[in-house]
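Right, one structure below, let's go through it.
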Amino acid sequence: MKRFHYSLETVLNYKTQVLDGLKKEHAVILKSVNDKKEEIRQLNGRLTDYEDSFDETKSAGASIETYLLYDMCIERMEERIEQEKERLVVLKTKEEKKKNEVIDAKVDTSKFEKLKDKRLKEYRVAEQKEEEAFVEEFVVRNMAGESPVYRG
């Protein structure tokens, strides 16, 4: 019997390459999401530092200009944090979309993999039946005194 050949192997390979590419793209976007979360965490830390420093300055007493400067810095940091949170939402949306694309591609690829497995099982069953038929014919011919016929 001839060697197993899956007729849709090139399609499966293509689907696998597409899936791998989507996984890489998803990983890049996920890294961006995590980087943005870290950036926001650091900005919140800086905001806390400004607020603590402002509280110390207030208790020690300072000029109006110093108060206004701290107020401007705190306000600007809060605005920046809000902007980065908005960017994070956009990134998360992008990540979710790419994640869904990966899931769809995985489902599509697994269909072809399952079909290949099914066809391979069918091939093995047919191969087993052919081998059993050959053995049976061989035994029958030997019992009948005929010379065995080789199949290759």
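The letter at position 1 of the sequence shown is residue 0 when you use numbering that gives the first Met the number 0, and the numbering goes up by one with no holes.
Note that the Cβ used here is the ideal one computed from N, Cα and C, for glycine as well.
Please report the distance separating the alpha-carbon of residue i from that of residue j.
| i | j | result |
| --- | --- | --- |
| K93 | I28 | 7 Å |
| K32 | A104 | With the sequence shown as reference, residue 32 is identified as Val, and Lys is not the correct amino acid for it. Rounded to the nearest angstrom, the two C-alpha atoms are 22 Å apart. |
| K97 | T65 | 47 Å |
| E121 | E100 | 32 Å |
| A125 | D34 | 55 Å |
| C72 | A59 | 19 Å |
| E24 | I102 | 13 Å |
Could you name the residues of the same chain whose beta carbon sits closer than 7 Å to that of residue i, not counting the 5 residues immediately before and after it, in chain order?
| i | result |
| --- | --- |
| V17 | A104 |
| D107 | K14 |
| L119 | F3 |
Smallest Cα separation from residue i: which of the options?
| i | options | result |
| --- | --- | --- |
| K22 | Y5, E95, E81, K110 | E95 |
| K91 | K36, L7, I80 | K36 |
| L87 | K113, E38, V134 | E38 |
| E74 | L42, E136, F137, E112 | L42 |
| D70 | E83, K84, E85, D51 | D51 |
| N12 | D48, K110, F137 | K110 |
| L67 | V134, Y49, E135 | Y49 |
| E83 | R40, K115, S62 | R40 |
What do you reckon, is the C-beta of residue i under 7 Å from a heavy atom of the ligand NAP?
| i | result |
| --- | --- |
| D51 | This structure does not include the ligand NAP; it has no bound ligands of any sort. |
Got a sec? Which residues, its chain only, sit under 6 Å from residue i by beta carbon, not counting five neighbours each side?
| i | result |
| --- | --- |
| L46 | M76 |
Checklist line | Ranges of the alpha helix (DSSP H) found wholly within the region 86–136, counting only runs of at least 4 | finding: DSSP runs (the alpha helix (DSSP H)) wholly in the region 86–136: none.
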